[in-house]
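Inspection log for the structure reproduced underneath, given as structure tokens.
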Amino acid sequence: MIVAIHRFADLDALSRAAVEDLAAIAGEAIAARGACHIALSGGSTPKRLFQLLASLGKRALPWDEIVLWWGDERTVAPDHADSNYRMTRETLIDPLGLTRVHRIEAERDPEDAAAAYEDELKTALGVPPVLDLVWLGMGPDGHTASLFPGSPALAETKRLVVANPVDSPLTKGPATRITLTLPAINAARHVRFLVAGTDKAETLAAVIAGPRDTYPSQMISSADLVWFVDEAAASRLHPKENER
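According to our numbering, the sequence shown is numbered sequentially starting from 68.
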């Protein structure tokens, strides 16, 4: 299996490359379909990317034709400190005055919120809905979006958005997360993993070069899948590692 890996010196370099990649994908999508639909990720790595995008100003990209979605959300109110939406609103949406935004209403009953978000995707994009770009992170345990090792959502083959019960040290015990499923992510035209930091190095090496079907991140199989990694995260990879 070919695995495309782009390595960068640090998080800033990775973020700048992701901006250029977004500009190319958005231009292509808008020319073909009139809009570019992106599912965003939470966490510290995309936060730096969002800050960079905001610093470039609204004229740097065709934001009026870019539509924002989320890959997952914690079951908290939108103003909660742990909300992925809040982080994006503070770093990207408000600074640029973006309005084409579809947040997950995670303050609702989780099952209802998941069903409503799936319906929203279908209404906007048709059946099946195909996102133009999904940005993903990866946790030290190999999870991505809120698809955690051993969680029920990994077995989902029909639903596009689910309320996923998880129990992980990273969630500090039992929790419910609302997440896009593998069918929804793998249907996207482009998927980009954004991975930075030494705490990801061992898992990244195992995900790229180890046995398959061990980590949720290995279950992503979009037709155009690329890993953007900084040197800290890539420190355990073979210098020429780009396939297995």
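All C-beta atoms, glycine included, are put in the ideal place defined by N, C-alpha and C.
Considering only DSSP beta bridges, list what residue i is partnered with.
i           : result
residue 33  : It is not possible to answer for residue 33, since the shown part of the chain is limited to 68 through 311.
residue 100 : Bridge partners of residue 100: none, in fact.
residue 107 : 137
Considering only residues of the same chain and omitting the five flanking positions on each side of residue i, which have a CB-CB separation below 6 angstroms?
i           : result
residue 251 : 227
residue 286 : 249
residue 101 : none
residue 269 : 303
Along the chain, where does the beta strand (DSSP E) that runs through residue i open and close?
i           : result
residue 139 : 139 to 141
residue 246 : 240 to 247
residue 259 : 257 to 262
residue 235 : 228 to 235
What are the boundary residues of the alpha helix (DSSP H) that includes residue i?
i           : result
residue 144 : Counting along the chain, residue 144 falls outside any alpha helix (DSSP H), and DSSP gives it neither H nor E.
residue 275 : 268 to 276
residue 112 : 111 to 123
residue 203 : From DSSP, residue 203 is part of no alpha helix (DSSP H) but of the beta strand (DSSP E) over 200 to 203.
residue 177 : 177 to 192
Whose C-beta lies closer than 7 angstroms to the C-beta of residue i among residues of the same chain, with five residues either side of it excluded?
i           : result
residue 97  : 103, 129, 132
residue 272 : 303, 304
Compute the beta-carbon to beta-carbon distance between residue i and residue j, rounded to the nearest angstrom, for a pair I have assumed lies under 8 angstroms.
i           : j           : result
residue 126 : residue 82  : About 19 angstroms; that fails the 8 angstroms criterion.
residue 205 : residue 302 : Not a contact, Cβ separation roughly 15 angstroms.
residue 175 : residue 152 : Between residue 152 and residue 175 the Cβ distance is about 13 angstroms, and since that is not below 8 angstroms, they are no contact.
residue 220 : residue 243 : Actually they do not touch by this definition, with Cβ atoms about 11 angstroms apart.
Out of the options, point me to the one whose CA is closest to residue i's CA.
i           : options        : result
residue 295 : 265, 277, 259  : 259
residue 257 : 89, 79, 74, 72 : 89
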